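K.L.:
Everything in the sequence shown is counted per this note's numbering, starting at 26 for the first residue and increasing by one.
Once you've had a glance at the structure underneath, I'll fire off some questions.
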Amino acid sequence: MRLMITICLTMFAVLLSAQIEPPQTHIAIMLDAKFYHGDRANDGNYDYSDRFQVRKAEISFEGELERFEYAAALGMCTCSGNAAMVDIQEAEIMYNLHDSIKFGVRKGHVLRGFTSATECQGLLASEKPNHSMAFGTCHPMGVAVETYHELPSNMALETEVGLFNGGNSTLDDELDLNVAALFQTPLPGLSALAVYNLTNRKYFDASFNQYSENGYRWAAGLEYVANSLWITSEFLRGKGFERDDQEMQVWYAQVGYDISTGLKCLPGIQPYVYYENWDKDVGNDAKYQFLEAGMNFKTSANSMLRLAYKSMIEKAPGGVAEPDQILARIQVSL
């Protein structure tokens, strides 16, 4: 015990002598009430059963130590399902080689698209696109290099190159190599994004030995966030999913508009519409369409009430239908 106390006091003295600033602390809590109706609703499948659910509960830290940036997030975050465990959601140590270049090791979001790189509580719609997990894991672990360059006429260019674990969290016959560029155009609020992803993706078939050696994903999109408008549109295409020659393509768009109310208890509301067209097997009649309409009630700068109605408006012949969903969510971010 004396040894532990001595070590703690020594570390505290070192921190004070180095004048290290304490890290910033953030908390995010998202609580859901979900209700389903239609085919397969409340038929014993947890995913389509009425319920209350903790969507996210997380505490995170971030700070700087000389030329190093560090961050970590501990908590739970689940899109669906009845299993949610406390885990290290994010962790990174990045070294600032230059004012515009940093590299390091990271577990967290990857710049695969506008929505994929956004924290769940910061999305316009209630969830990330339906295709997200098919096109790449959400919080892979790996190494990354990031650059940011300011350009004339209020333009800027942000790039990210990363090599991450594959879908089974290893580099054993799998990998996830992602290259992305985000360009801030001369028009304030308008950004353009281009992404290319090379993936070796292992799938466990009956013999536990199937994997895709030449899979790829690419994406391009535009986003405008200014003048009370939030408009996003992206197109994605890829090859090598459940089999090597399987191709997918997706187009989605979302539009939201901020309305100021002038009320202290409800400063603003944000109606929005989200549409997604996902062809899960190009050339084989496997198209699905999704529509979501909702309203975000901004009760303060750090809290929001979300109401959303989500529906699968088209499914492929022989595909599995999803029931419509009504979502009510309260979220707090500090």
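A virtual CB, placed ideally from N, CA and C, is assigned to each residue, including glycine.
Keep in mind that this is a model prediction, so the values were computed, not measured.
Measure the CB-CB distance between residue 227 and residue 273 and report whether it falls below 9 Å.
P.N.:
Taking 9 Å as the Cβ cut-off, residue 227 and residue 273 do not qualify as a contacting pair.
K.L.:
Return helix, strand or coil for residue 105, following the three-state DSSP convention.
P.N.:
For residue 105, the predicted structure reports a pLDDT of 42, less than 50, and the residue's modelled location is therefore unreliable. The matter cannot be settled from this model.
K.L.:
Tell me, which residues are paired with residue 260 by DSSP?
P.N.:
245, 276.
K.L.:
Using 9 Å as the threshold, is the C-beta distance between residue 255 and residue 280 below it?
P.N.:
Contact flag set, yes.
K.L.:
Which residue's Cα is closest to the Cα of residue 276: 155, 357, 181?
P.N.:
Among 155, 357, 181, the Cα nearest to that of residue 276 belongs to 155.
K.L.:
Over the uninterrupted beta strand (DSSP E) stretch that includes residue 333, give me the two end residues.
P.N.:
328-339 is the extent of the beta strand (DSSP E) around residue 333.
K.L.:
Taking the alpha carbon of residue 292 as the reference point, which residue from 312, 134, 326 has its own alpha carbon closest?
P.N.:
Nearest of 312, 134, 326 to residue 292, Cα basis: 326.
K.L.:
Beta-carbon within less than 7 Å of residue 120's beta-carbon, same chain only, minus the 5 sequence neighbours each way: which residues are those?
P.N.:
Same-chain partners within the cutoff: 92, 93, 127, 128, 129.
K.L.:
Rounded to whole angstroms, what is the Cα-Cα separation between residue 344 and residue 225?
P.N.:
Distance between the alpha carbons of residue 344 and residue 225: 27 Å.
K.L.:
Are the Cβ atoms of residue 47 and residue 95 separated by less than 9 Å?
P.N.:
Contact: no.
K.L.:
Under 6 Å Cβ to Cβ from residue 219, same chain only, skipping five residues before and after it: list those, please.
P.N.:
So the qualifying residues of the chain are 206, 245.
K.L.:
In chain order, what residues of the same chain lie with their CB nearer than 6 Å to the CB of residue 347, ignoring the 5 residues before and after it?
P.N.:
Excluding residues within five positions, the ones whose Cβ falls inside 6 Å are 337.
K.L.:
Which whole-angstrom value describes the C-beta separation of residue 356 and residue 331, a residue pair presumed to lie in contact below a C-beta threshold of 8 Å?
P.N.:
Their Cβ separation, rounded to whole angstroms, is 7 Å, which keeps residue 356 and residue 331 in contact under 8 Å.
K.L.:
Under the three-state reduction of DSSP, which class applies to residue 180: helix, strand or coil?
P.N.:
Three-state DSSP puts residue 180 in a strand.
K.L.:
Report buried or exposed for residue 90, applying the criterion of at least 16 other Cβ atoms within 10 angstroms of its Cβ.
P.N.:
The residue in question, residue 90, is exposed, as its Cβ has fewer than 16 Cβ neighbours within 10 Å.
K.L.:
Of all the CB atoms in chain C, is at least one closer than 9 Å to the CB of residue 224?
P.N.:
Looking at the structure shown, chain C is missing, and only one protein chain is on hand.
K.L.:
Beta-carbon within less than 6 Å of residue 162's beta-carbon, same chain only, minus the 5 sequence neighbours each way: which residues are those?
P.N.:
Within the same chain, residue 162 has close Cβ partners 192.
K.L.:
Where DSSP assigns a beta bridge to residue 207, which residues make up the other side?
P.N.:
Paired residue(s): 183, 218.
K.L.:
Quick check on DSSP: helix, strand or coil for residue 343?
P.N.:
It is coil, neither helix nor strand.
K.L.:
Among 186, 147, 165, which one has its Cα closest to the Cα of residue 133?
P.N.:
If we check each option's Cα against that of residue 133, 165 comes out closest.
K.L.:
Would a C-beta distance cut-off of 9 Å place residue 150 and residue 299 closer than the cut-off?
P.N.:
Contact: yes.
K.L.:
With DSSP as the reference, please indicate the residues paired to residue 315 in a beta bridge.
P.N.:
Residue 315 is bridged to 301, 337.
K.L.:
Once the 5 residues before and after residue 285 are set aside, which same chain residues still bring their CB inside 6 Å of it?
P.N.:
Excluding sequence neighbours, residue 285 sits near 293.
K.L.:
Do residue 236 and residue 263 count as a contact pair if the criterion is CB distance below 9 Å?
P.N.:
Cβ atoms of residue 263 and residue 236: not closer than 9 Å.
K.L.:
Taking the alpha carbon of residue 160 as the point to measure from, which residue in 72, 66, 203 has its own alpha carbon closest?
P.N.:
Among 72, 66, 203, the Cα nearest to that of residue 160 is on 203.
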